[in-house]
Structures are given as structure tokens and as C-alpha cells.
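Enquirer: Starting off with a structure, shown below.
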Amino acid sequence: MARLMILNGPNLNLLGIREPHIYGTTTLDMIKASCEKLADFVGATLAFYQSNHQGVLVDHIQAARKEADAIIINPAGYSFSSIAILDALKIFEGPIFEVHISNIHARDELHRHSILSTVVKGVIAGLGPYGYLVAMLTALHVLGSMPESIPAPLRDIPR
């Protein structure tokens, strides 16, 4: 059974009301519920966290070394500034996927270049909340833990 950890950075607790023209109206609780349903469907365990505090996120990343096989992280504003999160991610031995609800590459200069992208296996940007589910399925695929319940065209893609 694959163990996935999803981490969410600052201000994502305000999804649904924060800049809906960029992030939409889906709340983080709605995203969490969708992720939990997918985890149940594929037989994975899921730890889902959000913090506005860099140190708390670093603590979760460090704990993931023993508690998770893969990390999915939406670092939000820390994408562009957090050396502490970058260094913590470097220590994690499993695959890491970075998720952004918006397409950061089409945004203003301050929100365009994630320093964390240098240490992740893949970046999913601009798919809205669906990006979390894509990241979960991709993590399962990379881990070799794609269950038979996933249709063959999605499951049998070479790694």
C-alpha cells in the first residue's frame, strides 16, 4: 500500500475566497475530500496537511522520511523563497511532485520561478484542483503501486 503525503503552504487555507479569478472557488477542504476519495479507491494511505508556517512544513517533510513513500507539495508562496523547504526536500528519498493550482509560468515575474522545482520529479501547474489527483496517480505510477482498479490505458504506461 503506497503512502502519500500532501503538503500545502501558506494561504491555501483560504482557497475559495482568495483571488478566485486565479485559484477558483474550490476550497482546500473540497480538495482534501477528493484526494481522500481517490486514495480510498486506489488503496493508498494519505496524510494531508496545510500550514502557513515554514517550520511546520519542514517538520512534515522530515517526518515523511519514515511516514510516506512520496510527497506531493503545493508550497504556495514558499515556492519562490524557501531555502529551508528546499533543503528538507533534498533529504527525502522518495519521489516528490510539486503542484500549483494556477499556471505559475503565465503569472507575474514574482510568481513564475519556483526554486523548489529543482529537487522534484515533476511539476503540475495550471490544472486547478485536478492537479492534486494527477499528482497522486503519477506518484503511484512512479512507485510501481498503480492498482488494477485503474483502467489499463492509465495504468500500463511504461515508467
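Adding 202 to a residue's 1-based position in the sequence shown gives its number in the working numbering. Ideal Cβ positions, reconstructed from N, Cα and C, are used throughout, including at glycine. In this text the structure is predicted, and so the values were computed from the model without any measurement.
Just curious, the beta strand (DSSP E) that Phe294 is in, first and last residue?
Expert: For the purposes of this step, residue 294 is identified with residue 92 of the sequence shown, where counting begins at 1. First-last for Phe294: undefined, no H or E at that position.
Enquirer: According to DSSP, simplified to helix, strand and coil, what is Thr247?
Expert: Residue mapping note: residue 247 aligns to position 45 of the sequence shown, counting from 1. In this structure, Thr247 counts as strand in the three-state DSSP scheme.
Enquirer: Which term fits Ser351, buried or exposed, when burial requires 16 or more other beta carbons within 10 angstroms of its beta carbon?
Expert: Start at 1 with the first residue of the sequence shown, and residue 351 comes out as number 149. With fewer than 16 Cβ atoms within 10 Å of its Cβ, Ser351 is classed as exposed.
Enquirer: Under 8 Å, with one C-beta from each stretch per pair, do the region 257-267 and the region 280-298 reach the 3-pair mark?
Expert: They touch, by the three-pair rule.
Enquirer: Along the alpha helix (DSSP H) that carries Gly257, what are the first and last residues, could you check?
Expert: To locate residue 257, count along the sequence shown from 1; it is residue 55. Residues 256-269.
Enquirer: Cutting at 7 Å between CB atoms, please list the residues of its own chain near Phe243, excluding the five before and the five after it.
Expert: Taking the sequence shown and counting its residues from 1, one reaches residue 243 at position 41. So the list reads Ser351, once near-sequence residues are dropped.
Enquirer: Output the distance between the C-alpha atoms of Ser283 and Ser316, rounded to the nearest integer angstrom.
Expert: Counted from its first residue, the sequence shown places residue 283 at position 81. Counted from its first residue, the sequence shown places residue 316 at position 114. In a straight line, the C-alpha of Ser283 is about 8 Å away from that of Ser316.
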